[in-house]
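Novice: Protein chains in written order, with the working numbering: chain A, 2 to 112; chain B, 2 to 113.
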Amino acid sequence: QQQVKQSPQSLIVQKGGIPIINCAYENTAFDYFPWYQQFPGKGPALLIAIRPDVSEKKEGRFTISFNKSAKQFSLHIMDSQPGDSATYFCASQGGYQKVTFGTGTKLQVIP
Amino acid sequence: EADIYQTPRYLVIGTGKKITLECSQTMGHDKMYWYQQDPGMELHLIHYSYGVNSTEKGDLSSESTVSRIRTEHFPLTLESARPSHTSQYLCASSDRGNYGYTFGSGTRLTVV
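(1) Note down the Cα distance separating Pro53(A) from Lys59(A), rounded to an integer number of angstroms.
(2) In three-state DSSP terms, what is Gly101(B)?
(3) Step through the CB atoms of chain B and report whether any lies within less than 7 Å of the CB of Gln98(A).
(4) Looking only at DSSP bridge pairs, what is Ala82(B) linked to?
(5) Output yes or no for whether 7 Å exceeds the beta carbon distance between Gln89(B) and Gly101(B).
(6) From the DSSP output, in three-state form, read off Pro112(A) for me.
(7) Provide the residue span of the beta strand (DSSP E) that contains Lys59(A), from first to last.
(8) Alpha carbon to alpha carbon, how far is Arg69(B) from Pro84(B)? Give it in angstroms, no decimals.
(9) Going by the beta-carbon positions, is the gap between Tyr11(B) and Ser25(B) smaller than 7 Å?
(10) Could you tell me whether the segment 18-36 of chain A touches the segment 79-95 of chain A, where touching means 3 or more Cβ pairs closer than 8 Å?
(11) Residues of the segment 30-54 of chain A in Cβ contact with chain B at a cutoff of 9 Å, in chain order, please.
(12) Counting only Cβ pairs nearer than 9 Å, list the residues of chain B close to Thr88(A).
(13) As an exercise, report each continuous beta strand (DSSP E) stretch of at least 3 residues that is fully enclosed by the segment 24-85 of chain B, in chain order.
(14) Quick one: which residues of the segment 56-84 of chain A get their C-beta closer than 9 Å to a C-beta of chain B? List them in chain order.
(15) Within the segment 28-77 of chain A, note down every full beta strand (DSSP E) run reaching 3 residues or more, in order along the chain.
(16) Name the residues in the segment 57-89 of chain B whose C-beta lies less than 7 Å from a C-beta of chain E; which are they?
(17) Please state the DSSP three-state secondary structure of Asp80(A).
(18) Tell me whether Ala30(A) is buried or exposed, calling it buried when 16 or more other Cβ atoms sit within 10 Å of its Cβ.
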């Protein structure tokens, strides 16, 4: 089974810091790379996504960096806030295929 | 408002009971999925459907069954619940032209 490897498993940062979560994929047929945010007691929600024809995408304080040659992508959260404390999942998808999720990163932003 | 609904949110039942977890979406999405998520966070796909009368087993073996008689409805059934079925069950849907998944809020199942 094609995997998406996500790291770190957990992350603690101070308010205002820039947490970075990394993912690596194997399948070169993947053409869509979303990130999901999940708060306790809720289902994951689509946060931001990127296609492999660009190297970076920003939406507000969230940025995806994409390295096609290395088959890696990462999520950066600028000026992180306690309200960003959640679990983040990277994912990869290609064509009509099902999404392959990473194993998740639990982020805690302390005041 | 377009959304995906799961009921019940919480369920505590005894061993051996038959249960059905409900999932409905109002977005007309073709594809629907069931995931199992334990406190360790990882999402495990247990069933999926690409349309009416289409159902497939996912990557994680499950003793549950699903049906897709209507586009908007994708219930999951456990014929005889066991403590090992205790988990959170998440339903999701996606449109064929939109890669993003929309998740429900989940059903937290406890089998005692």
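All C-beta atoms, glycine included, are put in the ideal place defined by N, C-alpha and C.
Specialist: For this structure:
(1) 14 Å
(2) strand
(3) no
(4) Bridge partners of Ala82(B): none, in fact.
(5) no
(6) coil
(7) 57-60
(8) 26 Å
(9) no
(10) yes
(11) Asp32, Tyr33, Pro35, Tyr37, Gln39, Gly42, Lys43, Gly44, Pro45, Ala46, Leu47, Ala50
(12) Met42
(13) 32-38, 44-52, 55-58, 77-79
(14) none
(15) 34-39, 46-51, 57-60, 63-68
(16) No chain E is part of this structure, whose protein chains are labelled A and B.
(17) coil
(18) exposed
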